[in-house]
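Visitor:
Numbering (this note's numbering), first residue to last: 6 to 81.
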């Protein structure tokens, strides 16, 4: 199964951006496939931003991921 994770672009240098995924996790991401600027939320798969998201959608996805992790820890 493949999945993509939303994060916030905090720095852009050409086609490379630094994306903040929360909890202190920041990674360099290839931005060549999207038109993203600092402050935008992007959906990242395998090191590539594949879509620009609005903040509401990005935060909803992150909330769902948190719920999935919580349930998996509880053994549900």
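Each residue gets a CB set at the ideal place from its N, CA and C atoms; glycine is no exception.
1. Would you decide whether residue 14 is buried or exposed? Buried here means 16 or more other CB atoms lie within 10 Å of its CB.
2. So, under 8 Å CB-CB, residue 63 and residue 54 are touching, yes? Tell me the CB distance rounded to an integer number of Å.
3. Compare the beta carbon distance of residue 23 and residue 16 with 8 Å and say whether it is the shorter of the two.
4. So residue 48 and residue 58 are supposed to be a Cβ contact under 8 Å. How far apart are they, rounded?
5. Out of 60, 66 and 34, which one is the CA nearest neighbour of residue 18?
6. Taking a contact to mean a Cβ-Cβ separation below 8 Å, would you say residue 12 touches residue 26 in this structure?
7. Give me, in chain order, the residues of the same chain whose beta-carbon lies closer than 8 Å to that of residue 20; leave out the 5 immediate sequence neighbours on both sides.
Guide: Taking the definition as stated:
1. buried
2. Going by Cβ atoms, the distance from residue 63 to residue 54 rounds to 12 Å, so no, they are not a contact pair.
3. yes
4. 6 Å
5. 34
6. yes
7. 35, 36 and 37
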